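Down below is the structure, laid out as structure tokens.
There are 6 protein chains.
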Amino acid sequence: MAKVVTLGEIMLRLSTPGQERIVQADEFDVNYGGGEANVAVSLSNYGDEAWFISKVPEHEVGQAAINELRKFGVHTEAVARGGKRLGIYFLETGASMRPSKVIYDRANSSISEARVSDFHFDRVFKGADWFHFTGITPALGKNAQAITLAALKSAKKHGVTVSCDLNFRAKLWTSEEAQVVMNSYMPYVDYVIGNEEDAEKCLGFKPEGTDVNTGKLSIDGYKKMFQDMVKKYNFKGAACSLRESHSATHNGWSALLYTDGKFFQSKHYEINPIIDRVGGGDSFAAGLIYGLLHLDPQQAIDFAVAASALKHTIPGDLNHESLKEVMDLMGGDASGRVKR
Amino acid sequence: MAKVVTLGEIMLRLSTPGQERIVQADEFDVNYGGGEANVAVSLSNYGDEAWFISKVPEHEVGQAAINELRKFGVHTEAVARGGKRLGIYFLETGASMRPSKVIYDRANSSISEARVSDFHFDRVFKGADWFHFTGITPALGKNAQAITLAALKSAKKHGVTVSCDLNFRAKLWTSEEAQVVMNSYMPYVDYVIGNEEDAEKCLGFKPEGTDVNTGKLSIDGYKKMFQDMVKKYNFKGAACSLRESHSATHNGWSALLYTDGKFFQSKHYEINPIIDRVGGGDSFAAGLIYGLLHLDPQQAIDFAVAASALKHTIPGDLNHESLKEVMDLMGGDASGRVKR
Amino acid sequence: MAKVVTLGEIMLRLSTPGQERIVQADEFDVNYGGGEANVAVSLSNYGDEAWFISKVPEHEVGQAAINELRKFGVHTEAVARGGKRLGIYFLETGASMRPSKVIYDRANSSISEARVSDFHFDRVFKGADWFHFTGITPALGKNAQAITLAALKSAKKHGVTVSCDLNFRAKLWTSEEAQVVMNSYMPYVDYVIGNEEDAEKCLGFKPEGTDVNTGKLSIDGYKKMFQDMVKKYNFKGAACSLRESHSATHNGWSALLYTDGKFFQSKHYEINPIIDRVGGGDSFAAGLIYGLLHLDPQQAIDFAVAASALKHTIPGDLNHESLKEVMDLMGGDASGRVKR
Amino acid sequence: MAKVVTLGEIMLRLSTPGQERIVQADEFDVNYGGGEANVAVSLSNYGDEAWFISKVPEHEVGQAAINELRKFGVHTEAVARGGKRLGIYFLETGASMRPSKVIYDRANSSISEARVSDFHFDRVFKGADWFHFTGITPALGKNAQAITLAALKSAKKHGVTVSCDLNFRAKLWTSEEAQVVMNSYMPYVDYVIGNEEDAEKCLGFKPEGTDVNTGKLSIDGYKKMFQDMVKKYNFKGAACSLRESHSATHNGWSALLYTDGKFFQSKHYEINPIIDRVGGGDSFAAGLIYGLLHLDPQQAIDFAVAASALKHTIPGDLNHESLKEVMDLMGGDASGRVKR
Amino acid sequence: MAKVVTLGEIMLRLSTPGQERIVQADEFDVNYGGGEANVAVSLSNYGDEAWFISKVPEHEVGQAAINELRKFGVHTEAVARGGKRLGIYFLETGASMRPSKVIYDRANSSISEARVSDFHFDRVFKGADWFHFTGITPALGKNAQAITLAALKSAKKHGVTVSCDLNFRAKLWTSEEAQVVMNSYMPYVDYVIGNEEDAEKCLGFKPEGTDVNTGKLSIDGYKKMFQDMVKKYNFKGAACSLRESHSATHNGWSALLYTDGKFFQSKHYEINPIIDRVGGGDSFAAGLIYGLLHLDPQQAIDFAVAASALKHTIPGDLNHESLKEVMDLMGGDASGRVKR
Amino acid sequence: MAKVVTLGEIMLRLSTPGQERIVQADEFDVNYGGGEANVAVSLSNYGDEAWFISKVPEHEVGQAAINELRKFGVHTEAVARGGKRLGIYFLETGASMRPSKVIYDRANSSISEARVSDFHFDRVFKGADWFHFTGITPALGKNAQAITLAALKSAKKHGVTVSCDLNFRAKLWTSEEAQVVMNSYMPYVDYVIGNEEDAEKCLGFKPEGTDVNTGKLSIDGYKKMFQDMVKKYNFKGAACSLRESHSATHNGWSALLYTDGKFFQSKHYEINPIIDRVGGGDSFAAGLIYGLLHLDPQQAIDFAVAASALKHTIPGDLNHESLKEVMDLMGGDASGRVKR
């Protein structure tokens, strides 16, 4: 059992039932999630001790976000309370050629306006094994950038392994801003996760021969990119998921890990139908962290891609699946036969 | 058929189903409403031509707010589009001694950051008969105060009768701020609506012998207050609803109108159970406007109180009831016998 | 265990969830019911053998109506299949001073256009103990009047006791039409059920001193009316429920039976809140039939009023309650204490 | 922005949730729609000024139908009120090899019994650019045939372009009846839409080599049919969608337009899964009208087929999609990647 | 119309809505079902007279199970009442590579603790044509084994044809126990249904070359197994469905029947998407029984596989489909085109 | 912040939506609760550190029970895993004169078959301030009696204050059995909670002049009973809630505490409507424990009765309310005015 810490924003997710569009909705399904919170929940479900650091409002909506994390065993003692609001995002789930759509309403959230003094990082990182953050948090603004940096420093002080999911978000900052900030964090990072777009926009790297819109993927381009990144930043490893977007409900899914100078490519899954695509990347990151903590590299990338393939079949941001279920799928049973 | 214009904020209302608390909610019922929008819908339902002025975001949530108004025949051509977000409020509905609870998440809404140049008031007020606004709009900030003032000037230029529901909101501004701004608007106002708290906090008036917490009401205190207000501001009339809060589900309900130097007291209703209390005051204002436009003063206050009593039995902010239904209740049939 | 036969129309009921109004509805709750079908279900629930005679379309909506009856043990072998449509009614449930509202869409239903030859009455009435019909069926038109008459003749031929719930429906026929038809049926009737309005509109009787709108009831007026009716038609008995309509959610409820030259007045209940008022009268008729078949007159009227009081607390037209539950309430336990 | 007028019936649609069958349903989802109303909503969503002409009952169910149209900006001032009922259809949604099933309950609807004098066509068609009707409306009976003819004459008088979606419905009339009536309308028609069955049953045409049950389509047969139709009736154009029915949840989808003596074939889409097939044809007609009004012929047929492909992914009859969304899909992005 | 009797357990099924996992569920969908009850409902839907024998508790949950059967016309007069509880199973529905999951909570159910004296088999089997049971019932324990044997003896006494669906359930008993008991029943059985696993675990047979996990099926292996079984037990026939498990939502589906010394292989269907997989085997057994009673062997196996293919598209355990629908699919229309 | 430990059974609660009866239910609302778990959740909500001891199955339904407790901050580290099943109870909520109904299906639950060795009481009670149990746990059987006794001994060893809610359940054991066991526990108990029936059935005491069915309460009888109990068992205090059952939806509510030789009577509340009566007694116990830990006796009983009055307005077993909300109600604001 490892102690894993994540830091970031948790939001209220308001999604339309079924495939309804927002203009049709008479009710919204209520979920709470966010990249780093999703990672914490996954790891808690696998049996690790997961801690989430954030700040949420005092009121009941903030409390509900904390409750959702506690429900799955995540430690929330390090979540500060206060500030103005919980970030919100609206989601409508697509089908076939109609893409899912996300509308963000996350400005001025408590975490985006928090201060370093809201947190006691040394208490949390003491005894921790792993720290995970994403490029979304620093994109929230100067305050969040300072908090991220303080967390990174504390993590390093306590000898904690650090992973970063680059996760470039064009609606939150520009590539120029991102490159300045993210490059300053890389010295603290051991493992980086990112697809071609993230690597380009956050760090200036780009795989050749890949077109995100067509779903055409060049493994060779990725390999070259990972080697360059590891050389430049001295990472212990780099990884990404490889998504082939056939439609909103049908994706190909596999992944690539580069570590110890070797490439490890995962099994490949056809996910059809996709039940909920949101949180798919986070479940991959969580699976990878679990794998790197407890398994060998080939198993790690297979665990990560199996875990995240399963996530695509589960409603909500959070990845409600057990260690055994991921292991079973990794072990080869993708037949979907009833378990009874 | 009269043309009535209202100006204000329309919000997304997220309420828990039944009597669930926010920490229990897995889904939120979706409604759209706001004081002035609610008034416009009521009047459209009674057959008047209702216009609503506001600003909402370009995205689908903003569109859904407009659609809800159009659904009930309100003219939305004067609603500007743009800005950052639609204001939100969370609602849990109480029962018995547990009060309903509202959490506002309305800062930085499109209307609160709109500018006078977003609107073409003269086009809207041309041919209009009535303009209604509330104290909530100027409480949104300097921009909204300027917009309200511009609307008042345009209304007066076109000879439009003006009503104001004082509606003091302590979470939005202080009594000191309110008194400066609201007093500056009073010269444009013909009819004022407000309970004892509103009158005190917005204008500095207070009825004697009333205790809002106990539900004890002093009609004499109100009468004195109304006479003083009319004298000071030269209003054509002043009115308020008189709510006796027995519990979250049981209220007494009546109203008082002072106009032409005379007092008109309405019938009294016991509302038990209350289905949805929110929008009750707005339905009273709408009923009063309808009454003052089409009926005599005694009928007007009876119409207003019957209309708003009915509203308490209808879910959502909006008052879905027909002219005939209000007239039937005014006419004395409160037996609730099945109509078939 | 007695064999009881009822004849009439079963409709698809489309009701808005909770207290929503029809213009707010995004879904309708689906129920199937109708006066005589409701009586059959009640009696089947009490343990009698209940048969329902009607005609419904071949299609799945017709089948669903039959299935609902079979679900509660009612014999549907005598329900003819064919014709154009199943009658529909829309229901919105009121609250406090807002009445429930029914919109009928029942014209051209299969039963209204059925023919006597669709039915084999002698097969059904053989061995039967009781036949119940209401004034709604003949109000459906000439075809239904002929069917009703044929059923009455067959019932009498087999020595079956006959009860009639007058149930005048102003939207279906005039009082003039009703009086011609209903008077022609009375020679076949043993027990008549009707409130003051029914008696007046269907048969020309009226209790003195009663005002249906105020809920003011004159027991003496009723007694006089019953005596006159029994004298004129030679009924074995006459009964009615006495509803005091305080509001849509709060009624007083009791009943009166006149038989063997004596009056039997039931206990009185305050029903607050009413969950579903529709089918209340039918559950009274069913309770009375059960009582007259199996109990003495005082018990019969007490059973009928207890059964129908309980019905007001159950959603849908159908009265889902056991013999024991009615007996318990009759026996005096109206405290509503949890049964566990 | 063009002014487009449509005429026809709007119905209450009662559909079972998910893939439930009618005999399982405890609630029905409520939608309002009909071929011509669906076209009006689509065009309003794309930014045109859409008017719908019909007649609906005075009661709340009729009002709800109007409200649904107003919600999406359709002008309903020309909808007459009165008559007996709103037509209804029941829908259960199929899956895999189980087809969706529709049960009509639309006889005696207000529009089917309306009269020409209920409408003021000249007011509506003044300034209009386009009039669209379908073969369903005249199939409702003599009254509706006279109304359609009156509308066509008024449209022509005002120089309005006319399109007709043949839409043969075997449950409403015979091919013989249809051919008499529809042929009498063709002189008023500029653009005709119809698949092979419609063309045969309404006008007597038939493409060779097509089998509607196997989904086998002969483009050459269609081309020949279109040329013959245009020659005979002097149409400006003829079009149809080409559906390949692999299963209830998976269709191939493309379309063909013949105009100005040239054939324009659209892109082809695999729609899998289909969320709601109903209204697919109407969204094609609406897309085509939009295309013919604002784009060149190749763009027009591509727009029409993209718009209607998207419709298959949206619940309900109405096509809730924006101009931009159709343009994006036309532009080639069918990857279904999340928009955020 | 044949009289068919089935014997077994009916359970309360609690399933999560949509694809939710059990830890996410705030509500469970309520269904009632069980292998033999499902067969009875199917046959009643096809028009046969179906009887179900079981024992359920006196309380309302037991009553609800009976009501569900009555709703679809199944005779429940032979269901004994009493005992401690109704068996329960929890179901979450999978998707793509995530399998559906069943949790049984069925120990100590009324039927598992019933006694032979609870039933009057001779009354039920008098005039019966067919008796169907499964290997699940004897797996419930000694009492249920004795009841099954008593039923078999009574069935034989009345010359009733007997079918057995082997249905081995590893959670209920061991293969050793099963073989002792099931072998003792085989002399009473005319038709046996079972896949390779059932045949092996219950009777000791095994087809060669089949791997249940990969979905690889060897027809030749099955044929050999069936010939051996028929030779050993002198069955009139043996059959099984052949499921290819591509994923939880996509299966291939066909079947094989061996009777009169000949093999009959059915059509093959691709079922995609699967809506509800539970009850698929029971609908196959019911279809086969119907076919063997009313059709020739090739039609029988085609009917069985078409019926059960359709079942996979219907929510719940029960197979709500008409004889005509199965016949239409058998006849070749798997296009899923809307029926209207 | 105090550390409070409770021990008992947590069950899956399956309740019908709204006021539906079980035979009508197509879905059950899912909640988890049980007397002692409910107390733990209440105290955690008030800010104390609450621990719950029990045993639940390994499977997902057991996990969901744990998750529900964790969600509200209760420590579940001492909950053992294993055994056969989670106890279940079915609930239908009454209205007016129809009582709520509970059907237990709790036999053979994991906790009822647990052993003392499943628990490490000394670890949990170390540092604890309070231990609470109820008479329900020993009623589960010999195993549970031994566990309760072991817990009591451990609690006493660590100097923990002990409270017992007698809670006699006639369906689980007889009064004779109860008196033997419960009397053997009393030496370990500091505070006892129980109404007249509990005291009689568990300990042999009875207040005079009280009739639980009529709701007639004799305060004097209770006082005498409490004095006798305290004298006999040397309790620090005894308390009970005083419920007046006017109907299933309307109760009077107050309470009495006897401690330090003095009587403390609480305020009295009329609860109308009751939203959910289940868990009302547990919320009283929790409120009393909180009060005795942190307040003076009069405040303690006022806090307890206010807390539990509020509980009656909240759906589910668990009491989702904050310390501030109880304090506000205690402070006198029962007006139910909207909080915004």
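Protein chains in written order, with this note's numbering: chain D, 11 to 350; chain W, 11 to 350; chain B, 11 to 350; chain S, 11 to 350; chain U, 11 to 350; chain L, 11 to 350.
Even glycine gets a Cβ: it sits at the ideal position worked out from N, Cα and C.
All of these numbers come straight from a predicted model, not from anything done at the bench.
query	result
DSSP bridge partner residues for residue 64/L (one or two, in chain order)	DSSP output for residue 64/L lists no bridge partner at all.
C-alpha gap between residue 104/W and residue 300/W, whole angstroms	30 Å
Chain E contact for residue 297/L (CB, 8 Å cutoff)	No chain E appears in the structure shown, which is made up of the protein chains D, W, B, S, U and L.
Euclidean distance between Cα positions of residue 189/S and residue 238/S	16 Å
CB contact below 8 Å: residue 353/W versus chain L	Within the shown structure, residues of chain W are numbered from 11 to 350, placing residue 353/W beyond reach of any answer.
Cβ-based neighbour list, residue 98/S, same chain, cut-off 7 Å, excluding 5 preceding and 5 following	21, 22, 24, 115, 116
Chain-ordered neighbours of residue 30/W on chain L, where CB pairs are closer than 7 Å	325
Span separating the alpha-carbon of residue 263/U from that of residue 319/U	7 Å
Reduced DSSP secondary structure (H/G/I, E/B, other) of residue 304/W	helix
Min CB distance residue 41/W to chain S below 8 Å	no
Residues near residue 18/B by beta carbon distance below 7 Å, same chain, minus five either side	44, 45, 46, 47, 64, 143, 144, 146, 147
Neighbouring residues, chain W, relative to residue 111/B (Cβ below 7 Å)	349
Per-residue DSSP class, three states only, for residue 158/B	helix
Cross-strand partners of residue 100/W (DSSP beta bridge)	24/W, 113/W
Beta bridge counterpart(s) of residue 280/W as assigned by DSSP	262/W
Cutoff 8 Å: residue 67/W Cβ touching any chain B Cβ	no
Own chain partners of residue 325/D with C-beta closer than 7 Å, once the 5 adjacent residues on each side are dropped	285, 286
Outcome for residue 292/B when other beta-carbon atoms lying within 10 angstroms are tallied against a minimum of 16	buried
Beta-carbon spacing of residue 51/W, residue 138/W below 8 Å	no
Option nearest residue 60/U by Cα separation, candidates 155/U, 191/U, 79/U	79/U
Three or more C-beta pairs below 8 Å linking the segment 74-92 of chain U and the segment 159-167 of chain U	no
Alpha carbon of residue 131/L to alpha carbon of residue 62/L, nearest angstrom	11 Å
Contact belief for residue 304/W with residue 282/W at Cβ below 8 Å, rounded distance in angstroms	Not a contact, Cβ separation roughly 30 Å.
Any chain W beta carbon closer than 8 Å to residue 79/L	no
Other residues of its chain near residue 156/B: CB distance less than 6 Å, five sequence neighbours each side excluded	126
Proximal residues of chain L, C-beta to C-beta of residue 82/D below 8 Å	77, 80
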